[in-house]
Every structure is written in C-alpha cells, then in structure tokens.
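Start counting the sequence shown at 0; every next residue gets the next number (numbering that gives the first Met the number 0).
Just so you know, even glycine gets a beta-carbon here, dropped at the ideal spot from N, CA and C.
Since we're looking at a predicted model, the values are computed, not measured.
For reference, the structure is listed below as structure tokens.
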Amino acid sequence: MSQPFPILLYHRLDRAGLSTSTAPEVFYSHLAALREEGWRTLTCDEFSYYLEADKEPPPRTFLITFDDGYESVHGEALGLLRALDYSAIAFIATALIRHDDALTGDEERDKFMTWDQVRSLQESGVIDCQSHGHLHANFTGQPLSAVREDLDTSVRLLASELRLPASHVRHLAWPWGLSRPEWRAIAQESGLRFQYGVSRQSYRNGMALDAIPRTCFDASPFKNFQRQFWLQTGSIAPLWDVAYPLGRTLRGIARAGRVG
C-alpha cells in the first residue's frame, strides 16, 4: 500500500465561533506541530506533477487547502504560512468575490476577498488559487447544463481575473463536497482534471483523480487535530483506511432504513 498524503481543509480563520471558523492561533498550532515533526507542504504545481506522473509524493509531505474565498485567507493565513515556509491552495467560489474594496453593508458578504486580494494570493507564490465553482451550488436536482455553465464560468473568471491562461485552473474542490460521476465527467471536459471531495482519509497514490479526499479541520481543537492526523498517517492508518469507508457505508444503510 502506498503511503498516506494528508490534505487539510479549512474555510475561515477567525474567532466567530462558527462551525467553519478556526482561530488563527489554533490553525498555527496545527501546522507548527507538523513542521516540528518534519512535515512539509507541496505546492499546487508539485502535487499536480505527482498526480500526473502517477508517482507517490515524498514521505512526510501534505497539502493545505482553503475553501470559498474568505478574506481571512489573505489577512491571516498568508502571513502564518509564510512564517512556517508552507504553501496552500485556495479554492475560490468566484461569485462570492467582491469587485472592489468598498464594503457592501452585508456583514457575511463582506467577509469574502476582493479580486485584488485573490490576485495578491496568486502573486505571492504561497497560495495558488483554483476553482470551487461559481455559485457554490449544490447541483443535486439541477440539469447537467447548469453544472457545465457554473464550472465554465468559474474557470473563465479565475483565468481572466488572475490574468493567467485557463489551463492554469485544473483543480476543483466540489462545493459542499458533493459530486456524481456525470458531474465529474463535465468537470473533466472543462479542464478540471483534479477534483476533490471531503472525507476523513488521506490521498494515496492510485486513487481516482476526480475523487481526491480532504479532511476538514475547521474548529478542531489541537488534540482532535492531532488524533485525526495520527489515524490517517500513523501505524494504524491501513486499518483506518478500511474501517472509515466501511463505517460511512453502514451509516448510509442505517439512514436509508430509517427513511424507508
């Protein structure tokens, strides 16, 4: 079995106490502990290389990702990552990004980045900006044409605003972590070869490139983070890789039985 390659997912770095919030000092504690243990990050381009070459990433490497496009990725995460010499991917829901620095008066809307800030991330060489769709939609029940339009819009806007070719945008984190085979095929046609979901598993060489697992660590106290990271990367990891998907399947069967 190939070695585990953990992919961490966060949304926003603040003290709002929401399920998607992680205090900056807690986020830093997660990463500082990994750095102390000799873990280093891969950049988006480096990870792409190993995926395309069907090669195993080096030992003790991992990936950090952020979803949606919150301002705190620019205001908090960028500086913390620089301090640790770490890199990350920001998956941007393009409809959420503001077009100028003027606040809208909508408290939630104003928590997202401006396009200037997104460009600043990309130009930093620390955080690479990729697709999280356009409208951050749950496509369940929507026609396939809506999936295609949303993804194509996202790729077009990212390429235009970042002033990069569309071929730069090859990574997609599915909104809400939800995808289906027919959606994934459309994403491939839109140039989004590498697609990510949400699952408490590490990526291993040979896994499907349109269903790359990430683990969400939003609002995770340090001990919880440490335990989950160990389950995925420690000596028990091969057992976890069997037990976790089996548990998900059994829970799904139980839920279906209750509904029926």
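Report the option in 24, 22, 38 whose CA atom is closest to the CA atom of residue 228. 38
Starting from the Cα of residue 111, find the closest Cα among 3, 92, 88, 149 and give me that residue. 92
Using C-beta distances below 6 Å, list every residue in its chain close to residue 23, excluding the 5 sequence neighbours before and after it, in chain order. 12, 75
If contacts are defined as beta-carbon pairs under 8 Å, then residue 4 and residue 202 qualify, I think. What distance do you get, rounded to the angstrom? 5 Å
Is the beta carbon of residue 21 sitting closer than 9 Å to the one on residue 219? yes
Residue span of the alpha helix (DSSP H) that contains residue 141, given as start and end: Here residue 141 belongs to no alpha helix (DSSP H), and DSSP marks it neither H nor E.
With distances taken between CB atoms, is the gap from residue 187 to residue 151 smaller than 9 Å? no
Could you give the residue range of the alpha helix (DSSP H) that holds residue 232? 221-232
Tell me whether residue 232 is buried or exposed, calling it buried when 16 or more other Cβ atoms sit within 10 Å of its Cβ. buried
Using 10 angstroms around the beta-carbon of residue 145, count the other beta-carbons present and answer buried if the total reaches 16, otherwise exposed. exposed
Drop a sphere of 10 angstroms on the beta-carbon of residue 167, count the other beta-carbons inside from all chains shown, and report buried for 16 or more, exposed for fewer. buried
Between 25, 18, 9, 42, which has its C-alpha nearest residue 170's C-alpha? 42
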